[in-house]
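Chemist: Protein chains in written order, with the numbering used here: chain A, 242 to 596; chain B, 242 to 596.
Structure below; questions to follow.
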C-alpha cells in the first residue's frame, strides 16, 4: 500500500449517509493526507456528491452497489438479500481482497457483524468475534469488550477477548503492555460466575503474552480507568455501555435544568460557558465513535448510525490508526504468544486419529 | 403493633456504627413520631450512646449481642460464628419473632444475605431472594432488581423478581399497577439470552397480576425511568448499578475540574452555587440509600456501610415506609395472583406419588 492507508467505506449506511461519511472523509484527509478511500454505494448518488467534496476526488474511488441494507433487515435476511450485491458486503469484501486495510459502516450492527463474520471468517485461534468500545474515563480512554457481538462467553472466550482487547490497546493507545481486568461483581477470587472465575485462573498464570492481567474489576472501575482493557461477555458489556451513556445523559439533564432554574444560575452559566462547553465536548458521544469488530481476518468498524460528519470522522480516524499501527498483526502476535488451550477431544499421540 | 412501627437495627454494622445509626434514628423520629427501635449490639457501648440521644430513650430498647460480624467474614464464616450470638443475627431474629416489622444493617452484605435467608427462609412461591435498589431517574425513582443477591437467574426467577419488584413499587411509590420491564440488549423479541426471552413470553401473557409488563428495556432506559421496575439477574444488575454510580462520579469530576479551570468559570460557579448544590444533592448517594432484600418471610434492608447519619436516615425512612405500607402482604398478594409454574417433575393426578 506504499505508505497510504485505504479505508473501505459503506457510503449508504447510517441516517446521514451518504453525505456524512463523505464529508467526514474530507475532514480526515486534511489531517491524514495519506488516507485513501473506496466508497461503496449507488453510483448515481455518490458521483455528484463526490464532485461537491472536490478534495476527495483524487484519493477516492466509487464502487457501485445495487442493494442497500436497511436498519430493519434481520442479520439472516441481510445476508440473503445483500451478499455480493450490497454496499455493506462490498465494503467488507474490499478488506478481504486486500484492496483496503479497514472497513467502516454506519449501518445495521447485526447485519454488519453477520456479513463480516461470513466474509472475513474468524481468525485462527479465536473462536468468536467481539465488539470493542473505546470508553472515556477520568484517566484516559480505555477499551471495553464485548459490548454485544455475542451473548454469553465461556472462560476460553473471555481469554480470547483479553488477547483481542490488549492488541487493540497496543495499536491505538501505544501502550506496549496494557493492563487487563475481568469485569465481575467483586474483586475477591471467590466472586462471580464460573466462567469469570475460570478465566481469572487462566489469565493469572500467564506472562509474556503482551499484556498484564490485573484481576477482577467492578462496574465503577470503568469510569475510573483502573485498567486499559476491561473484558466481559456481550450481554453484560452491552448493558454496562448503555447504562453509562444513559447516566451521562441523565446527569447532563440535571445540570441543564439546574442552570436554568434561576437568574443567578443563568448568569453563572454565562460566566462558565467556556468551561461548560468543554464538558459538553468531553461528554460528546461523537468524539469516541466506533465499535471495533475484533477476531476476524480483517478489521471492521461500526460507526454510530445516527452520527454526523464529526462522529464519522472520529470513526474514520480510529480506522486509520488501527490500520497504520497494524492491528491485525498485533492480534496475530497476541494469539501466537498464548498457549493453545488443551483440547479434551483431541486424540493423544499414541492414538491414531479416526477420520 | 398498635400503630407504631418497630425497626430492628444492627447498631454495630457499618463504618460509622454505632453512632450513625442511632443519630439517624433520632432524625427519623422527628419525622415519624410513631417509629420504635430495637438496637442490637454491645450494651456497654450502646447504653451511654443512647443517653446522648435522649429523645430516643423512651422509644428504644437495647439488646445485648456478644459477637460483631466484620466486613472480612465470608458468609459461611459469619453464619458459623454469628448465628444466635451476633448483633446481625439478632437484628434479623427480631423480625422473625414478630417483635419488629423490618430489620436494617450496614454490615457485610454477603453475611447479611446468608443470615437473612437462613433465619427468615424464602417465601412460599419464591425460589430465591433478590436485592432491589431504588434508582433515581430523570422522571422519578424506580426499582431495579436483582443487583447482586445471586448470580444468574432462569425465566421463572426473573418472573419472581417481577412480582417482588412490583410489590415494592406498590409499597413505596404508591402506584397501584407499576410498569415492569426486562433488561435486555435490545427491545426486539428475538434479542437476548434464552432466560430473558422465556421470561418475556411468560410475562407477556399475564394480566391482573398487580403490574403491567412493558417488554424489554435497555441500559439507557434505567436513567430515563422508562418503567417503574427493571428486572435482571444479579450479575448484570450489579454491574449496571456500579457502572451508573461510577459514571455519575466521573461526570461530577469533569464538572468540578471544568469549573476550576479559569477565573471566569470560578465566578460562574459562584453565581450558580445554589444550582450546583441542588445537583450535588440530587446525585448524593445518601439520599437513596438502602438495598432491599426481597423474597424472604420478612423485610431486611442493607444500608451502605460507609454512610453517615443522613444516609442511614434515608435507609430507616425506606424501612419505615415499607413496613407502614405492608410490603410483605403486598408481596404475598402478588405471588398469589400469579399462576403457579407447571412443575415438569410433578406426578400427574392419575399417578400415585412415590414417597
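Think of the CB as a built atom: it goes at the ideal place given N, C-alpha and C, for glycine as much as any other residue.
Every value quoted in this text rests on a predicted model; they were computed, and no experiment measured them.
At a cut of 8 angstroms, does the region 272 to 280 of chain B reach the region 360 to 379 of chain B through at least three beta carbon pairs?
Modeler: The region 272 to 280 of chain B is not in contact with the region 360 to 379 of chain B.
Chemist: With a threshold of 9 angstroms between beta-carbons, can residue 318 of chain A be considered close to chain B, or not?
Modeler: no
Chemist: Does the count of Cβ pairs from the region 518 to 532 of chain B and the region 510 to 517 of chain A closer than 8 angstroms reach three?
Modeler: no
Chemist: Can you give me the Cβ contacts of residue 357 of chain A inside the same chain, cut-off strictly under 7 angstroms, excluding the 5 residues immediately before and after it?
Modeler: Taken in chain order, the residues that qualify are 333, 534, 537 and 541.
Chemist: Tell me the rounded alpha-carbon separation between residue 577 of chain A and residue 412 of chain A.
Modeler: Distance between the alpha carbons of residue 577 of chain A and residue 412 of chain A is about 17 angstroms.
Chemist: What three-state label does DSSP hand residue 456 of chain A in the structure shown?
Modeler: strand
Chemist: Measuring alpha carbon to alpha carbon, tell me which residue in B:384, B:248, B:580 and B:263 is nearest residue 338 of chain B.
Modeler: B:248
Chemist: Could you tell me which chain A residues have their CB closer than 7 angstroms to the CB of residue 528 of chain B, listed as they occur along the chain?
Modeler: What residue 528 of chain B touches in chain A: nothing, since even the nearest Cβ is about 13 angstroms away.
Chemist: Just checking: is the beta-carbon of residue 393 of chain B within a distance shorter than 9 angstroms of some beta-carbon in chain A?
Modeler: yes
Chemist: What residues in its chain sit with their C-beta under 8 angstroms from that of residue 378 of chain B, if we drop five residues either side in the sequence?
Modeler: 463, 464, 465 and 466
Chemist: Going along chain B, which residues have a C-beta under 8 angstroms from residue 389 of chain A?
Modeler: 426
Chemist: Counting Cβ pairs, one atom from each stretch, are 3 or more of them under 8 angstroms apart for the region 490 to 510 of chain B and the region 313 to 326 of chain B?
Modeler: no
Chemist: Quick check: is the beta carbon of residue 300 of chain B nearer than 9 angstroms to any beta carbon in chain A?
Modeler: For residue 300 of chain B, the answer is no, since every Cβ of chain A falls outside 9 angstroms of its Cβ.
Chemist: Which residue's Cα is closest to the Cα of residue 500 of chain B: A:490, A:433 and A:518?
Modeler: Shortest Cα-Cα distance from residue 500 of chain B to any of A:490, A:433 and A:518 involves A:518.
Chemist: Measuring alpha carbon to alpha carbon, tell me which of B:254, B:362, B:282 and B:342 ends up nearest residue 326 of chain B.
Modeler: B:282
Chemist: If I measure Cβ to Cβ from residue 477 of chain A and keep anything under 7 angstroms in the same chain, skipping five residues before and after, which residues do I get?
Modeler: 424
Chemist: Cα-Cα, which of B:560, B:407 and B:472 is closest to residue 269 of chain B?
Modeler: B:560
Chemist: Under 8 angstroms: does the beta carbon of residue 465 of chain B sit that close to some heavy atom of the ligand SAM?
Modeler: Ligands displayed in this structure: none; no statement on the ligand SAM is therefore possible.
Chemist: With 16 other CB atoms within 10 Å as the buried threshold, where does residue 586 of chain B fall?
Modeler: Note that residue 586 of chain B scores a pLDDT of 48, beneath 50, so its modelled location is shaky and nothing firm can be said.
Chemist: Just to make sure I have the definition right: I need the residues of chain A whose C-beta is within less than 7 angstroms of the C-beta of residue 379 of chain B. Which are they?
Modeler: 491 and 494
Chemist: Any chance the region 444 to 464 of chain B sits against the region 429 to 437 of chain A, with 3 or more Cβ pairs inside 8 angstroms?
Modeler: no
Chemist: Spell out a yes or no on whether the region 479 to 494 of chain B and the region 441 to 455 of chain A are touching, meaning 3 or more CB-CB pairs, one atom from each, closer than 8 angstroms.
Modeler: no
Chemist: Show which residues of chain A have a CB atom less than 8 angstroms away from the CB atom of residue 385 of chain B.
Modeler: Simply none; closest approach about 10 angstroms.
Chemist: Give the secondary structure of residue 502 of chain A by DSSP, where H, G and I count as helix, E and B as strand, and everything else as coil.
Modeler: coil
Chemist: Figure out for me which residue from B:471, B:473, B:528 and B:573 has the closest Cα to the Cα of residue 539 of chain B.
Modeler: Comparing Cα positions, the closest option is B:573.
Chemist: Taking only beta-carbon atoms, is residue 249 of chain A less than 9 angstroms away from chain B?
Modeler: no
Chemist: Ordered along the chain, which non-local residues of its own chain (more than five positions away) have a Cβ less than 7 angstroms from that of residue 497 of chain B?
Modeler: none
Chemist: Please list the partners that residue 524 of chain A has in chain B, where partner means a Cβ-to-Cβ separation under 8 angstroms.
Modeler: By Cβ distance, chain B contributes 492 and 495.
Chemist: Are the beta-carbon atoms belonging to residue 383 of chain A and residue 450 of chain A less than 9 angstroms from one another?
Modeler: no
Chemist: Cα-Cα, which of B:385, B:430, B:429 and B:427 is closest to residue 420 of chain B?
Modeler: Ranking the options by Cα distance to residue 420 of chain B, first place goes to B:385.
Chemist: Can you find a C-beta in chain A that's less than 9 angstroms from the C-beta of residue 574 of chain B?
Modeler: no
Chemist: From the beta carbon of residue 457 of chain B, is the nearest beta carbon of chain A less than 9 angstroms away?
Modeler: no
Chemist: Listing by chain order, which chain A residues have their CB less than 7 angstroms from the CB of residue 434 of chain B?
Modeler: 392, 393 and 476
Chemist: Here's the rule I'm using: 16 or more other beta-carbon atoms within 10 Å means buried, otherwise exposed. How should residue 554 of chain A be labelled?
Modeler: buried
Chemist: Please report how far the alpha carbon of residue 344 of chain A lies from the alpha carbon of residue 331 of chain A, in whole angstroms.
Modeler: 10 angstroms
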